[in-house]
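Participant:
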Ligand code: FAD
Ligand code: NAP
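Numbering (my numbering), first residue to last: 760 to 1289.
(1) Please report the residue range of the alpha helix (DSSP H) in which residue 776 lies.
(2) Does the beta carbon of residue 907 fall short of 7 Å from some heavy atom of ligand 2?
(3) Take the Cβ of residue 1083 as the centre, count every other Cβ of all protein chains shown within 10 Å, and call the residue buried at 16 or more, exposed below.
(4) What are the start and end residues of the beta strand (DSSP E) that includes residue 972?
(5) Under 8 Å between the Cβ atoms of residue 1229 and residue 1185?
(6) Does the stretch 821–833 touch the stretch 954–964, meaning 3 or more C-beta pairs lie closer than 8 Å?
(7) For a minimum of 4 consecutive residues, which ranges assigned as the alpha helix (DSSP H) are wholly contained in the stretch 836–885?
(8) Give me, in chain order, the residues of the same chain whose beta-carbon lies closer than 8 Å to that of residue 779; leave out the 5 immediate sequence neighbours on both sides.
(9) Assuming the contact rule is C-beta atoms closer than 8 Å, residue 1195 and residue 1003 should be a hit. Round their C-beta distance to whole Å, please.
(10) Taking its Cβ as the centre, do 16 or more other Cβ atoms sit within 10 Å of residue 951, making it buried, or is it exposed?
(11) Which parts of the stretch 1076–1156 are runs of the beta strand (DSSP E), unbroken and 3 residues or longer, counting only runs that do not cross its ends?
(12) Nearest-angstrom Cα distance between residue 861 and residue 893?
(13) Starting from residue 1272, trace the alpha helix (DSSP H) both ways and give me its first and last residue.
(14) Alpha carbon to alpha carbon, how far is residue 1154 from residue 1147? Give it in angstroms, no decimals.
(15) Would residue 1171 be called buried (16 or more neighbouring beta carbons within 10 Å of its own) or exposed?
(16) Going by DSSP in three states, residue 932 sits in which element: helix, strand or coil?
(17) Between which residues of its own chain and residue 907 is the CB-CB distance below 7 Å, once the five residues before and five after are set aside?
(18) Does residue 1191 pass the burial test, meaning 16 or more other C-beta atoms within 10 Å, or should it be called exposed?
(19) Beta-carbon separation of residue 1145 and residue 903 under 8 Å?
(20) Which residue wins for smallest C-alpha separation from residue 1216, given the options 848, 815, 877, 1034?
(21) By the 10 Å Cβ neighbour count, where 16 or more other Cβ atoms means buried, how is residue 914 classified, buried or exposed?
(22) List the endpoints of the continuous beta strand (DSSP E) containing residue 1191.
(23) Three-state secondary structure (DSSP) at residue 794?
(24) Could you tell me which of 943, 888, 1073, 1177 sits nearest to residue 1136, measuring between CA atoms?
(25) Following a CB-centred definition, is residue 813 positioned closer than 7 Å to any heavy atom of ligand 1?
(26) Express the C-alpha separation of residue 1032 and residue 959 in angstroms, rounding to a whole number.
(27) Checking 8 Å against the spacing of the C-beta atoms, do residue 953 and residue 937 come in under that value?
(28) Among residues of its own chain, excluding the 5 on either side of residue 760, which ones have a beta-carbon nearer than 8 Å to its beta-carbon?
(29) Could you give the distance in angstroms between the alpha-carbon of residue 1235 and the alpha-carbon of residue 1260?
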């Protein structure tokens, strides 16, 4: 029997991989991380476009496992910018001496399970190998960029930059004519800042998105001090909320309130800004009339900001609010009032080609110097299926998931023993504040490995029945309410040819945590330990 080099092999050094390595070491497990990027931080290493920042307040979008760090670290803004979040990730890695456990610039190409000795062997694109008893994929939900299939994109003679692969040296938009393709969160954050520098900016919009003002500001020292004084309590209360975010959620029914009361509540939330806008009433995602009332409110806001009524109509989304991830912005809508900013509506005529000098829509050619691709990610599954993962009997995860993923708790899959995923499909992940979700997964996985060690088990595997039952539950819950009425990346609709399956768990963070605890309490119910 070959001896594993490590107890645990970890793929990815974002917030999940960093905490995994830390926790493994704390528990006396040997572990090593392979990371495709040149540094830690994951999302915050790659997405360096102008305006990139978190949309969950920094006092919450941060680790809680290190109490001292939580007290010592000072966030500069309500929603801190990407460079600061990246510095934070780097600081955590340095503070806990984790860097010697990470190999950077190493992309995993294959991961194969050896049934004889119950180990995983990873092979990288550059030919290196790593063997471990357990493999944890901390590869991220939003880490594989989605490139649009546009004819001639490769022939463009100017610069082309995907927001998720942004050059570390930055991009100089001064006096440049710029095209932005896409109007999701990445575009909505970057467009106002690109417009500040560019000579001319044309935004190519296929579907408008709802965006709520961030009202970002320098961190109020009193606010930060108050939270720090009660951090544990705030974190505990956040865990009791469906999205894992501490805040004011009104459980009442929207339509039970009068039109004036509803308007006042929406207005209060608009003035506060941020994602808690959707917390105005408990049934906004379940009652069509309630959702319609919020849609009407936001449409009025958009119309009130825009000088040109035609542009305003194009920016008003026609689908429900909350179907796609809500965006949080600074000056997004107002940017279209600037004379050098233009909106091209692709809803009826898509981009036909890109040629050497610009973008073609119908008979119109838009000559530009720089194209910004803000077309998002092959979310939830893309990073995993990009690796050739082979389990028991040479089972291929990519083939298994061809018609859509399935997983037990978003943590493990039948036929793939000793393989775990952090925030995999079937976990609440992208419907929550991801940092607490990541911490919960990492703790569950590492506790499980310790349980294996204590019992001298060499392998753990989800059963097909447990996986199927959980996945059916994920699908049932995904059909509740209005969410599934909108095509979104949550269901793979943004990637050509990708199976349409509701991927994240919509039942909320508390219900999910309870299920995970029950599984453990019942002796790792739904798993076979051998
Ligand atoms: P990631 O940060 O994605 O890290 C995964 C790492 O795995 C990457 O570094 C990648 O290079 C590496 N990797 C992948 N495949 C391989 C391979 N084959 N070999 C080697 N390495 C590999 N969530 C929130 O809750 N709040 C927010 O405000 C928020 N803002 C966001 C803003 C942006 C622009 C984006 C894109 C996402 C945002 N998210 C937000 C989601 C964000 O992805 C998570 O919050 C969190 O950072 C994910 O951490 P992670 O470690 O799980 O994954
Ligand atoms: P996204 O939400 O998927 O948006 C991609 C945009 O590109 C959509 O407007 C999409 O239009 C458009 N698009 C795709 N292919 C196109 C094509 N061929 N032609 C024209 N338009 C095309 O991606 P994202 O903005 O990168 O955000 C992804 C997720 O990352 C977010 O939902 C969020 O979870 C996270 N994120 C968070 C923040 C933050 O505020 N902290 C910032 C960025 C990202 P359709 O809608 O028609 O498909």
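By construction, the Cβ of each residue, glycine as well, lies at the ideal position given by its N, Cα and C atoms.
Facilitator: Reading from the atomic positions:
(1) According to the DSSP assignment, residue 776 belongs to the alpha helix (DSSP H) that extends over 774–785.
(2) Residue 907: yes, Cβ under 7 Å from ligand 2.
(3) Under this definition residue 1083 is a buried residue.
(4) Run containing residue 972: 970–972, per the beta strand (DSSP E) assignment.
(5) Cβ distance < 8 Å, so residue 1229 and residue 1185 count as in contact.
(6) Too few Cβ pairs lie closer than 8 Å, so no.
(7) With a minimum length of 4 residues, the continuous alpha helix (DSSP H) runs that stay inside the stretch 836–885 are 841–854.
(8) Correct list, in chain order: 767, 769, 790, 792, 895, 897, 1181, 1201, 1204, 1205.
(9) Between residue 1195 and residue 1003 a beta carbon distance of about 5 Å is seen, short of the 8 Å cut, so the two are scored as contacting.
(10) The residue is buried, with at least 16 neighbouring Cβ atoms inside 10 Å.
(11) Within the stretch 1076–1156, the runs of beta strand (DSSP E) that reach at least 3 residues and sit entirely inside it are, in chain order, 1086–1088, 1100–1104, 1110–1113, 1117–1120, 1123–1126, 1129–1132, 1147–1149.
(12) For residue 861 and residue 893, the distance between alpha carbons rounds to 16 Å.
(13) Element bounds for residue 1272: 1268–1280.
(14) Distance between the alpha carbons of residue 1147 and residue 1154 is about 10 Å.
(15) Flag for residue 1171 reads buried.
(16) Under the three-state reduction of DSSP, residue 932 is assigned to coil, being neither helix nor strand.
(17) These residues qualify, in order along the chain: 940, 1132, 1134.
(18) When all chains shown are included, residue 1191 counts as buried.
(19) In terms of Cβ geometry, residue 1145 and residue 903 form a close pair [threshold 8 Å].
(20) Comparing alpha-carbon positions, the option among 848, 815, 877, 1034 lying closest to residue 1216 turns out to be 877.
(21) Burial call: exposed.
(22) Element bounds for residue 1191: n/a, residue is neither H nor E.
(23) For residue 794, the secondary structure class from DSSP, reduced to helix, strand or coil, is coil.
(24) For the set 943, 888, 1073, 1177, the Cα lying nearest the Cα of residue 1136 is the one of 943.
(25) Yes.
(26) One C-alpha to the other measures close to 29 Å.
(27) In this structure, residue 937 lies closer than 8 Å to residue 953 by Cβ.
(28) At residue 760 the pLDDT is 47, less than 50, meaning the model places this residue with poor confidence and gives no usable figure here.
(29) Approximately 11 Å between the Cα atoms of the pair.
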